[in-house]
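What follows is one structure encoded as structure tokens, with my remarks underneath.
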Amino acid sequence: MSTNAYAMPKGDASKGEIKTPSCRFCHGSNGIAPQPSYPNLAGQQQQYLYDAMLAYTNDMRIGPMATMMKGQLQNLNTQDLADIAAYYSAMK
1 MSTNAYAMPK GDASKGEIKT PSCRFCHGSN GIAPQPSYPN LAGQQQQYLY DAMLAYTNDM
61 RIGPMATMMK GQLQNLNTQD LADIAAYYSA MK
């Protein structure tokens with residue numbers, strides 16, 4: 001039995017890279033955020049990234065940053081989120 005909040009589709013890192021242009025402004029082109037107020041994504045666990053993105057889209061996180069993130073993620077489906085999570089988790 002899984003303890004994860006969401007069942008995650010298999011992510012494809014190469015497809016995820018294509019879907020990250022808007023992520024790069026805050027989280028850096030290499031997954032290392034240029035400002036300390038934004039989290040680094042490089043090397044983060046894939047399931048954690050996926051769960052976090054779904055939490056934003058499902059209004060499970062609140063605040064100004066949550067509103068911004070929801071806006072960035074609103075046109076992505078769960079496969080897109082899994083691909084993005086795979087891309088950032090594969091970074092070292």
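According to UniProt numbering, the sequence shown is numbered sequentially starting from 1. The beta carbon of each residue, even a glycine, is placed where N, CA and C say it ideally should be. Fair warning: this is a prediction, and the values are worked out from it, not measured in the lab.
- Taking C-beta atoms as the reference points, Ala13 and Ala90 count as a pair closer than 8 Å.
- One Cα belongs to Lys19, the other to Gln35, and the distance between them is close to 22 Å.
- Classified as exposed, Ile62 has fewer than 16 neighbouring CB atoms from the shown chains inside 10 Å of its CB.
- CA-CA distance, Asn30 to Thr67, rounds to 24 Å.
- Ala85 counts as buried, since no fewer than 16 other beta carbons sit within 10 angstroms of its beta carbon.
- Of the residues assessed, Gly71 falls on the exposed side of the cut-off, its CB having fewer than 16 other CB atoms within 10 angstroms.
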